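Here the sequence shown is numbered in my numbering, starting from 3 and rising by one per residue. Beta carbons: idealized from backbone N, C-alpha and C, even for Gly. In this text the structure is predicted, and so the values were computed from the model without any measurement. One structure is given below, encoded as structure tokens.
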Amino acid sequence: MSVRATARIAAVPDGRGATALPVLESDGPLALRRTRATVAPCARVTVVGAMSAPLGGDRLAIEARIEDGARLTVDSAAATVALPGPGPEVQPATYDIELQVGDGAELNWLPEQLISANGSELRMTTRVELAATARLVLREELILGRHGEAPGTLTSRLTVHRAGRPLLDQQVAYGPGAPGGWDGGAVLGGHHAVGQLLVVEPAFEDKCPATRLLGPTAVLTRLVGPAVLVTAVAPDARLLRIVLDGALDEVLGG
Numbered sequence: 003m004s005v006r007a008t009a010r011i012a013a014v015p016d017g018r019g020a021t022a023l024p025v026l027e028s029d030g031p032l033a034l035r036r037t038r039a040t041v042a043p044c045a046r047v048t049v050v051g052a053m054s055a056p057l058g059g060d061r062l063a064i065e066a067r068i069e070d071g072a073r074l075t076v077d078s079a080a081a082t083v084a085l086p087g088p089g090p091e092v093q094p095a096t097y098d099i100e101l102q103v104g105d106g107a108e109l110n111w112l113p114e115q116l117i118s119a120n121g122s123e124l125r126m127t128t129r130v131e132l133a134a135t136a137r138l139v140l141r142e143e144l145i146l147g148r149h150g151e152a153p154g155t156l157t158s159r160l161t162v163h164r165a166g167r168p169l170l171d172q173q174v175a176y177g178p179g180a181p182g183g184w185d186g187g188a189v190l191g192g193h194h195a196v197g198q199l200l201v202v203e204p205a206f207e208d209k210c211p212a213t214r215l216l217g218p219t220a221v222l223t224r225l226v227g228p229a230v231l232v233t234a235v236a237p238d239a240r241l242l243r244i245v246l247d248g249a250l251d252e253v254l255g256g
């Protein structure tokens, strides 16, 4: 039996320089927990998987609204594993993420990896609406297959609007049924981990990092707007995280 679940988060300034969470609604396998933040004014929410999901046929969603002036970090306790459904036929699952970030607000969206297990089919969408002075750090890490296995079918689309105008709209697809050549030398080159890091920072209006290579398998691209996108591939999840963490330190520190 498939699951339909939507978890919701709302973050607002508490009037004392910190961030309150008036809405923290768990649902189905998506359990939300307020956890200790590493930076005091920034609230932190951790997504804890209450059961195996998404399975084939599941419809999961997370909605987060960060009001003007609030600061929030969302992470997860463990990797998310897309698994086949119980029946013999492959049923696609969906995982939809809706993020709204107000003026002067900040969102760090830093989930653990999403693993596409063999035989699964997952369609993931992430839609972000940013106010003109909003800040965003968004990380996405896709692992194509568990150790020693071929991946399932995985489609991921990321759409970002800033001040009502498009900033980024891209889609990737991997695994059986994806366009031919997805695992070829011009795309993944035999790597099993692929990730991206989007940083939107209003200060980049004055000085934005330049487009450049960050090593043999990673590139930083300056977007049309105060934002940069880092795209990387790696042999495994550990090495991918090292590349993306290093890129984040370089972007925010430089």
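Using the rule of at least 16 other Cβ atoms within 10 Å of the residue's Cβ for burial, across every protein chain shown, is residue 47 buried or exposed? buried
Supposed contact pair residue 136 and residue 166 - C-beta distance, whole angstroms, cut 8 Å: Not quite, the Cβ-Cβ distance comes to about 12 Å (not below 8 Å), so this is no contact.
Counting pairs of beta carbons, one from the segment 156–175 and one from the segment 127–141, are three or more of them closer than 8 Å? Result yes; three or more Cβ-Cβ pairs closer than 8 Å.
Contacts around residue 158, its chain only, beta-carbon distance under 6 Å, and the 5 residues preceding and following it disregarded: Only 126, 174 meet the Cβ criterion.
Are the beta-carbon atoms belonging to residue 2 and residue 134 less than 7 Å from one another? Since the first residue shown for the chain is 3 and the last is 256, residue 2 is missing from the structure and cannot be characterised.
For the segment 100–120 and the segment 74–83, state whether three or more C-beta atom pairs, one from each stretch, are separated by less than 8 Å. yes
If you draw a straight line from the C-alpha of residue 119 to the C-alpha of residue 62, how long is it? 17 Å
For residue 205, count neighbouring C-beta atoms within 10 Å of its own C-beta (all shown protein chains included) and say buried if the count is 16 or more, exposed if not. exposed
Residue burial classification, residue 226 (beta-carbon count within 10 angstroms, cutoff 16): Burial call: exposed.
Give every residue of the same chain whose Cβ lies closer than 6 Å to the Cβ of residue 140, excluding the five residues on either side of it in the sequence, and list them in chain order. Excluding positions up to five away in sequence, the list reads 111, 200.
My parser needs the beta strand (DSSP E) runs of 3 or more residues fully inside the segment 214–245; what are they? 220–224, 229–236
State the start and end residues of the unbroken beta strand (DSSP E) segment that holds residue 85. First-last for residue 85: undefined, no H or E at that position.
The beta strand (DSSP E) spanning residue 4 covers which residue range? Note, residue 4: premise wrong, no beta strand (DSSP E); not H, not E.
Between 59, 49, 70, 67, which has its C-alpha nearest residue 82's C-alpha? 49
Measure the C-alpha to C-alpha separation of residue 186 and residue 208 and round it to an integer number of angstroms. 39 Å
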